[in-house]
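Only one structure is covered here, and it is reproduced in the block below.
Numbering (full-length UniProt numbering), first residue to last: 1 to 288.
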């Protein structure tokens, strides 16, 4: 990458610029933050969550729509939130709410060459895959889903706040057949990992989510939470499954360290691949 980094001196971004842009980002609405806190609070009853969903017409419609997808196999049309929750189960309900909150409230990437819908397809699929891996390992699923959903959040900051400069990143990636991560470092002097971590610290994301952002490309640091390895592997799986529908997408190499930590069998992975595709296509109908 050093061969062409000098071509982009005018596009370099300082961390101070990044911090200033993040400070100017509108925080999540109070209602959204309250809902996220409720989802993470095991002492909050499901009835309270259902009541709040019922008061949000857009979210209620998505819950009903998901419950009526073929994936959940309803014998008759689901018409009430209570029926939908019974059909979906608590985990799927919470994951849909999380996805809806972040896709509706995070900035939109308005950069030429950047596909905002493809971005969210990839992150939603990674979240689903990460949750399935954590479930197979009998770990806490909620952190894995949210970490998968937000692992690339730094890229969203870059494309929304530095669109002209990020356009050069995309061009560089295509011209040199390299990953966006390498192109970011060469063109901008920063990458979506460091930017995402700054946002995660500013917005008080949990340590598990911070570790997933920090380690989803390089999970070998022993101090990182195991969620980093889960999201790292899930990210690679989703790239390989091409669920974001991006042509000529590069599949990142999987860290041997992360692979060994998970220690899953081939049979387990085949099941995860299949279930990831099924759940993603159901969720994608609702979000897109």
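Heads up, the beta-carbon is just placed ideally off N, CA and C, and yes, glycines get one too. Computed from a predicted model, the values in this text were never measured in an experiment.
Residue i: first and last residue of the uninterrupted alpha helix (DSSP H) it sits in
i           : result
residue 185 : 180 to 187
residue 140 : Here residue 140 belongs to no alpha helix (DSSP H), and DSSP marks it neither H nor E.
residue 269 : 266 to 287
residue 232 : 226 to 241
residue 112 : Residue 112 -> no alpha helix (DSSP H), and no H or E assigned at all.
residue 213 : 207 to 215
residue 167 : 163 to 175
residue 254 : It is not in any alpha helix (DSSP H) - residue 254 carries neither H nor E in the DSSP assignment.
residue 54  : 46 to 54
residue 245 : Here residue 245 belongs to no alpha helix (DSSP H), and DSSP marks it neither H nor E.
residue 100 : 90 to 105
residue 18  : 15 to 23
residue 194 : 192 to 202
residue 58  : 57 to 67
residue 28  : Premise fails: residue 28 is in no alpha helix (DSSP H) and is neither H nor E.
Among the options, nearest to residue i - alpha-carbon criterion
i           : options               : result
residue 72  : 82, 88 and 81         : 88
residue 29  : 105, 23 and 15        : 105
residue 112 : 132, 227 and 166      : 166
residue 273 : 254, 243 and 253      : 243
residue 267 : 10, 136 and 98        : 136
residue 260 : 222, 282 and 156      : 222
residue 31  : 56, 10 and 45         : 56
residue 13  : 186, 27 and 134       : 186
residue 17  : 215, 194 and 67       : 194
residue 255 : 234, 265 and 249      : 234
residue 109 : 170, 155, 253 and 34  : 155
residue 15  : 177, 93, 192 and 49   : 192
residue 61  : 47, 44, 20 and 83     : 83
residue 269 : 95, 224, 163 and 133  : 133
residue 252 : 178, 190, 228 and 202 : 178
residue 202 : 232, 21 and 171       : 21
residue 115 : 81, 39, 25 and 249    : 249
residue 47  : 90, 220, 159 and 157  : 90
residue 257 : 220, 271, 232 and 227 : 220
Buried/exposed call for residue i, threshold 16 Cβ in 10 Å
i           : result
residue 6   : Here the model assigns residue 6 a pLDDT of 47, short of 50, so the residue's position is not dependable, and the following value carries that caveat. Exposed: under 16 other Cβ atoms inside 10 Å.
residue 245 : exposed
residue 198 : buried
residue 265 : exposed
residue 97  : buried
residue 51  : exposed
residue 80  : exposed
residue 68  : buried
query = If you pair each beta-carbon of the stretch 174 to 185 with each one of the stretch 132 to 145, do three or more pairs fall below 8 Å?
reply = no
request  = May I ask you to verify whether the stretch 141 to 160 touches the stretch 274 to 288, counting CB pairs closer than 8 Å and requiring at least 3?
outcome  = no
query = Do three or more CB pairs link the stretch 226 to 238 to the stretch 118 to 138 at distances below 8 Å?
reply = yes
message = So, does the stretch 210 to 227 touch the stretch 150 to 163, judging by three or more C-beta pairs under 8 Å?
response = yes
message = For the pair the stretch 279 to 288 and the stretch 200 to 212, tell me if three or more CB-CB distances fall below 8 Å.
response = no
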